[in-house]
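This report concerns only the one structure given below.
In the numbering used here, the protein residues as written are 4 to 293.
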């Protein structure tokens with residue numbers, strides 16, 4: 004039962020990591036842009052959720068009604084007004100801008116909320132559990148997180164496969180110049196993609212804030228975990244995100260069960276092992292545009 008409990012815990016943790024890496028994988032897969040502010044945007048979403056719950060008296064999950072459109076608008080504006088202006092100069096200027104944005108977010112949160120660690124309170128849901136088998140009980144919140152990432156991934160697959168905007172995403176990802184000749188505005192598509200990624204970040208930030216406490220300087224470690232997920236799964240692969248999250252979560256939990264000090268180390272070693280065996284990840288799907 005101890006082995007089964009460890010595996011279940013690893014899968015549930017992997018669901019959170021998959022959710023953490025989903026937005027980053029989406030932006031890289033469509034735009035070939037590495038958003039170094041991804042982790043800080045997740046933390047920003049957690050703090051915005053905290054502000055909404057305090058001002059409007061909403062629960063963290065209900066605050067998503069406000070937070071998702073706000074984060075979508077923020078992502079659209081970031082891409083449309085800032086990052087699109089440097090696309091012609093290659094990927095590096097966008098990387099530098101998001102690197103600077105990460106520091107702006109960190110210091111802004113420090114000024115607005117202090118350096119104290121915060122948490123999103125959700126009452127009994129925080130400690131509620133479901134008994135799967137005698138002696139095996141799992142938390143409701145990790146199950147909600149796993150369900151959220153599965154629902155978002157299914158929704159994205161349907162969006163890309165059966166809608167016009169999904170076809171525009173795929174066409175622009177494959178070749179933005181040819182897409183432009185077909186009447187698609189790549190800059191608008193990129194802005195929509197960043198907005199969609201930030202909407203996913205809103206969900207990630209709320210669930211992260213409910214699972215554990217957070218501070219203004221937690222962004223870099225969240226970015227590292229998100230990078231490890233998409234490195235394992237394959238840069239730009241939505242299907243690989245789930246696999247990458249599961250491998251990272253299972254390796255950390257198994258390592259922590261063997262020795263508590265190995266918890267993060269085993270996750271890093273798993274990422275390194277994948278890089279050695281398959282440098283492009285397990286399910287690479289991006290296309291070389293050189």
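For glycine and all other residues, C-beta sits at the position ideal for the given N, C-alpha and C.
All values reported here derive from a predicted model rather than from experimental measurement.
Subject >> From 237, 80, 216, 115, residue whose alpha carbon lies closest to that of residue 192 >> reply: 80
Subject >> CB-CB length for residue 253 against residue 17, believed under 8 Å >> reply: 6 Å
Original post:
Identify the residues that DSSP records as bridge partners of residue 217: which are they?
Top reply: DSSP lists 121 as partners of residue 217.
**OP:** Assign residue 296 to buried or exposed, taking buried as 16 or more other Cβ atoms, counted over all protein chains shown, within 10 Å of its Cβ.
**Re:** Since the first residue shown for the chain is 4 and the last is 293, residue 296 is missing from the structure and cannot be characterised.
**OP:** Identify the continuous beta strand (DSSP E) that holds residue 1 and give its terminal residues.
**Re:** With the chain covering 4 to 293 only, the question about residue 1 has no answer from this structure.
Original post:
By DSSP, does residue 166 sit in helix, in strand, or in coil?
Top reply: coil
Original post:
Sorted by chain position, which residues of the same chain lie with C-beta nearer than 8 Å to residue 291's C-beta, five sequence neighbours on each side aside?
Top reply: Unreliable positioning characterises residue 291 in this predicted model, as indicated by a pLDDT of 39, which lies under 50. The coordinate reading is nonetheless provided below. Cβ neighbours of residue 291 beyond the five flanking positions: none.
Subject >> Chain-order list of residues whose beta-carbon lies under 7 Å from that of residue 141 (same chain, five-residue window excluded) >> reply: 11, 15, 132, 133, 135
Subject >> At least three beta-carbon pairs within less than 8 Å, the stretch 107-115 to the stretch 43-63 >> reply: yes
**OP:** Report yes if the C-beta distance between residue 32 and residue 249 is below 9 Å; otherwise report no.
**Re:** no
Original post:
How long is the line joining the alpha carbons of residue 276 and residue 243, rounded to whole angstroms?
Top reply: 16 Å
Subject >> As assigned by DSSP and simplified to three states, the class of residue 61 >> reply: coil
Subject >> Exposure of residue 179, with buried meaning 16 or more beta-carbon neighbours within 10 Å >> reply: buried
Original post:
Taking the Cβ atom as the reference point for each residue, do residue 101 and residue 36 lie within a distance shorter than 9 Å?
Top reply: Cβ distance < 9 Å, so residue 101 and residue 36 count as in contact.
Original post:
Is the stretch 207-223 in contact with the stretch 146-166, if contact means three or more CB pairs nearer than 8 Å?
Top reply: yes
**OP:** Pick helix, strand or coil for residue 290, following the three-state DSSP scheme.
**Re:** Note on residue 290: pLDDT 39, under 50, position unreliable in the model; the coordinate value appears next. Residue state, collapsed to three classes: coil.
Original post:
Since residue 202 contacts residue 82 with CB under 8 Å, what's their CB separation in whole angstroms?
Top reply: At roughly 13 Å, the Cβ-Cβ gap does not stay under 8 Å, so residue 202 and residue 82 are not in contact.
Subject >> Range covered by the beta strand (DSSP E) that runs through residue 132 >> reply: 132-136
Original post:
Based on Cα-Cα distance, which residue from 262, 233, 224 lies nearest to residue 42?
Top reply: When only C-alpha atoms are compared, the closest one is 224.
Subject >> Identity of the residue in 229, 158, 126 nearest residue 40 by Cα >> reply: 229
Original post:
At which residues does the alpha helix (DSSP H) containing residue 24 begin and terminate?
Top reply: Unbroken alpha helix (DSSP H) run through residue 24: 5-34.
**OP:** Note down, in chain order, each residue of its chain lying with its Cβ closer than 7 Å to the Cβ of residue 293, except the 5 sequence neighbours on either side.
**Re:** Unreliable positioning characterises residue 293 in this predicted model, as indicated by a pLDDT of 37, which lies under 50. The coordinate reading is nonetheless provided below. Answer for residue 293: no residue qualifies.
Original post:
Should residue 185 and residue 174 be called a contact, given that it needs their Cβ atoms to be closer than 9 Å?
Top reply: Cβ distance < 9 Å, so residue 185 and residue 174 count as in contact.
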